[in-house]
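A short write-up of the structure that comes next.
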Amino acid sequence: MEHYRVKPGEVVDLSRWDPNDKGAFQGGKDEAEDAFRSLNKRLEELQELLYAENKNKLLVVLQAMDSGGKDGTIRRVFEHVNPQGVKVVSFKVPSAEELAHDYLWRVHQHVPARGEIVIFNRSHYEDVLVVRVDQLAPPAVWQKRYDHINAFERMLADEGTTILKFYLHIDLEEQKERFQARLDEPHKRWKFSLGDLEKRKQWPDYIRAYEDALGKTSTDWAPWYVVPANRKWYRDLVIATLLVETLEGLHMSYPQPEEDLDGIVIE
Ligand code: AMP
Ligand code: MG
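First residue of the sequence shown? That's 777 in my numbering, and the numbers climb one at a time after it.
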């Protein structure tokens, strides 16, 4: 999985990252089914442990182009975890109140507490992506944000938050198919908006904005992973693997009861 991680300071050229990659699973989806199921199960156990231990905090940031699979990832990868300890926060166009504050204000209040996993469906990175591409702020404003973001994430990490950031990498052709499916299937139409077509036209601008963001904000304390995402099953497998590896790296254990419970008999 290490080769999906963006190295700090790396100059990212997304055309060199293959969105069709399927790693060791050349046989495809069926071959990966068992691996995914056991990762899913392991994730459920690790989340339970994280919650019980009530010590660590995990923040997962998901970013992607429209139809890149953020919603699907959340549904599939986290399908077995206990909702009590997991929260999803989706960041939309900022409200008037949010815009009246600095751009990290709305984000900070949702970061995970001890024992929690929080998934950001979009994030503060929109403030160097859509804001840059649509010129919602001048360059002098958004260019400073990479440093702010690194400092902000550093502070979260220093205070006990583990941070994983995933860019779900699809290509233009895959987006075309997914948009078409949204138009063709009545139960998917709600996901389609005409604005998505405008954004599709801005694809090269978004790619450039992503390349900068990934290179400038992948740090030792909050790494970015470029996840091959044309194949949904492989995308889910990569993310589940990284989550499991990261949580296992925390060496968690169930808390000891305060009293000696050995002699207790329930009448
Ligand atoms: P969706 O994820 O499809 O529900 O769309 C949410 C929309 O909100 C996307 O078009 C984002 O680009 C937009 N959005 C999220 N954060 C910001 C932000 N900070 N500034 C402007 N637009 C944003
Ligand atoms: Mg959308």
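Every residue gets a Cβ at the ideal spot worked out from N, C-alpha and C, and that includes glycine.
Contact between the stretch 971 to 989 and the stretch 856 to 871 (3+ Cβ pairs under 8 Å)
No, the stretch 971 to 989 does not touch the stretch 856 to 871.
So for residue 997, helix, strand or coil by DSSP?
Three-state result, residue 997: coil.
Alpha carbon to alpha carbon, how far is residue 929 from residue 939?
C-alpha separation (whole angstroms): 8 Å.
Residue burial classification, residue 851 (beta-carbon count within 10 angstroms, cutoff 16)
Counting the other CB atoms within 10 Å of its CB gives residue 851 a total below 16, which places it among the exposed residues.
For residue 962, the three-state DSSP class (helix, strand or coil)
Looking at residue 962 - three-state DSSP - the assignment turns out to be helix.
Kindly list the residues whose CB is nearer than 7 Å to the CB of residue 1008, restricted to its own chain and excluding five residues on each side of it in sequence; keep chain order.
Taken in chain order, the residues that qualify are 845, 848.
Straight-line gap, residue 988 to residue 1036 (C-alpha atoms, nearest Å)
Cα to Cα, the separation comes out at about 55 Å.
Kindly list the residues whose CB is nearer than 6 Å to the CB of residue 746, restricted to its own chain and excluding five residues on each side of it in sequence; keep chain order.
Since the displayed the chain opens at 777 and closes at 1043, residue 746 lies outside it and no answer follows.
Kindly identify the DSSP beta-bridge partner or partners of residue 1027.
Answer is none; residue 1027 lacks a bridge partner.
Heavy atom of the ligand AMP less than 6 Å from the Cβ of residue 896, yes or no?
Residue 896: no, Cβ never under 6 Å from the ligand AMP.
Given this structure, state the Cα-to-Cα distance separating residue 830 from residue 822, to the nearest angstrom.
Distance from the CA of residue 830 to the CA of residue 822, rounded to the nearest whole angstrom, comes to 12 Å.
I need the DSSP call for residue 839, collapsed to helix, strand or coil.
Correct three-state label for residue 839: strand.
Check residue 796 in the structure and name its three-state DSSP category.
In the three-state reduction of the DSSP assignment, residue 796 falls in the coil class, being assigned neither a helical nor a strand state.
So, at 7 Å on beta carbons, what are the nonlocal neighbours of residue 1031 in its own chain, with the 5 sequence-adjacent residues on each side left out?
Leaving aside the five residues that flank residue 1031 on each side, the residues in its chain whose CB is nearer than 7 Å to its CB run, in chain order, 828, 829.
Which residues in the same chain have their Cβ closer than 7 Å to the Cβ of residue 907, if we skip the five residues on either side of it in sequence?
Here the set comprises 913, 918.
Straight-line Cα distance separating residue 836 from residue 859
Counting only the Cα atoms, residue 836 lies some 15 Å from residue 859.
Excluding the 5 residues preceding and the 5 following residue 786 in the sequence, name in chain order all residues of the same chain whose CB lies nearer than 6 Å to its CB.
Closer than 6 Å at Cβ, skipping near neighbours: 991.
Nearest-angstrom Cα separation, counted from residue 800 out to residue 810:
The alpha-carbon atoms of residue 810 and residue 800 are separated by roughly 14 Å.
Residue 943 and residue 1002 - do their beta-carbons sit closer together than 7 Å?
A contact, by the Cβ cut-off of 7 Å.
When DSSP labels each residue in this structure, what does residue 893 get in the three-state scheme?
Assigned with DSSP and collapsed to three states, residue 893 falls in strand.
Limits of the alpha helix (DSSP H) - the one that residue 814 falls within:
Where residue 814 is concerned, the enclosing alpha helix (DSSP H) stretches over 805 to 829.
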